[in-house]
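In what follows, a single structure is set out as structure tokens and then discussed.
In our numbering, the protein residues as written are 18 to 223.
As structure tokens, this is what we get:
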């Protein structure tokens, strides 16, 4: 028999009894984890729920770094187990999971961008294009992206912000492009002048 869950019904979705049972189990597990106490860092003794409600930035940092650490170790120490539990709890919330994914992508791109001449690999880091690299943002032919780059050109960003980094990159690329255009024009003028002079000499000889 198929039934409609109240929340799903608002979306016009139907789910069966097994799905309902799974939903309730997941909800109950998340609820129980919310009451666990933090055993690490600045907020030891606070509940998982409290931490997620009061310092999301710190929570994102903890989970992102813990996932990286888990790639290197299978430790089952009480501290690692507590972080495992907090990770399960916090990632049950899609917006939080997205924030963790962004932090990891941002950090990986930042490390790559530190290589000489690779600053364009850094992510934009804010707004609708936060997952885009600075290079792909600048080189894009998409009208919406071009409008955003033009907006950056005339923006005075806050010092030390991600927007300041984006504006600096855009203006640097603009200068490079202008320099390349000027150099190409100069080369074109230099190569065309002797031809004109040669034509003039030929006319005088004849």
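Positions of the beta carbon are idealized from the N, C-alpha and C atoms, including for glycine.
- [ ] Determine the DSSP secondary structure at residue 203, reduced to helix, strand or coil.
- [x] In the three-state reduction of the DSSP assignment, residue 203 falls in the helix class.
- [ ] Put residue 130 into one of helix, strand or coil per three-state DSSP.
- [x] In this structure, residue 130 counts as helix in the three-state DSSP scheme.
Task: Cβ shell of residue 126 (< 6 Å), same chain only, five flanking positions each side left out - done: Counting only Cβ-Cβ distances below 6 Å, and skipping sequence neighbours, we find 138, 139, 140.
Task: Nearest-angstrom Cα separation, counted from residue 172 out to residue 133 - done: Looking at the two C-alpha atoms, the distance is approximately 27 Å.
- [ ] Hey, could you find the ends of the alpha helix (DSSP H) residue 138 is sitting in?
- [x] Segment: none, residue 138 is in no alpha helix (DSSP H) and carries neither H nor E.
Open item on the list: Just verifying my parser: in three-state terms, what is the DSSP assignment at residue 158?
Closed with: Residue 158 falls in the coil class under three-state DSSP.
TODO: Evaluate the contact criterion for the segment 151-165 versus the segment 112-124: three or more CB pairs, one atom per stretch, below 8 Å.
DONE: They do not touch, by the three-pair rule.
TODO: Determine the DSSP secondary structure at residue 147, reduced to helix, strand or coil.
DONE: Here residue 147 sits in coil by DSSP.
- [ ] For residue 78, I'd like the list of residues in its chain whose CB is within less than 8 Å of its CB, leaving aside the five on either flank, ordered along the chain.
- [x] Contacts found: 120.
Open item on the list: Suppose the cutoff is 7 Å on Cβ atoms and the five residues either side in sequence are ignored; what does the same chain contact list for residue 28 look like?
Closed with: In this prediction, residue 28 has a pLDDT of 40, which is less than 50 and means its spatial position is unreliable; what the coordinates show is noted afterwards. Here the set comprises nothing.
- [ ] Would you decide whether residue 188 is buried or exposed? Buried here means 16 or more other CB atoms lie within 10 Å of its CB.
- [x] Label assigned to residue 188: exposed.
- [ ] Could you tell me the distance, in whole angstroms, from the CA atom of residue 56 to the CA atom of residue 101?
- [x] For the pair residue 56 and residue 101, the Cα-to-Cα distance works out to about 11 Å.
Task: Proximity test, Cβ basis, 9 Å: residue 132 and chain B - done: Among the chains of the structure shown, chain B does not appear; only one protein chain is present.
Task: C-alpha distance - residue 183 paired with residue 197, whole-angstrom precision - done: Going by the C-alpha atoms only, they are around 21 Å apart.
Task: CA-to-CA distance, residue 71 to residue 166, given in whole angstroms - done: Going by C-alpha positions, residue 166 is about 35 Å away from residue 71.
Open item on the list: Output needed for residue 142: all residues of its chain with C-beta closer than 8 Å, excluding positions within five of it in sequence on either side, in chain order.
Closed with: Hits under 8 Å: 123, 179, 182, 183.
Open item on the list: Given this structure, state the Cα-to-Cα distance separating residue 74 from residue 153, to the nearest angstrom.
Closed with: When only Cα atoms are considered, residue 74 and residue 153 end up about 27 Å apart.
Open item on the list: Taking the beta carbon of residue 96 as the centre, do at least 16 other beta carbons fall within 10 Å, making it buried, or is it exposed?
Closed with: Under this definition residue 96 is an exposed residue.
Open item on the list: Using C-beta distances below 8 Å, list every residue in its chain close to residue 170, excluding the 5 sequence neighbours before and after it, in chain order.
Closed with: For residue 170, where only same-chain residues beyond five positions count, the Cβ hits under 8 Å are 184, 187, 188, 191.
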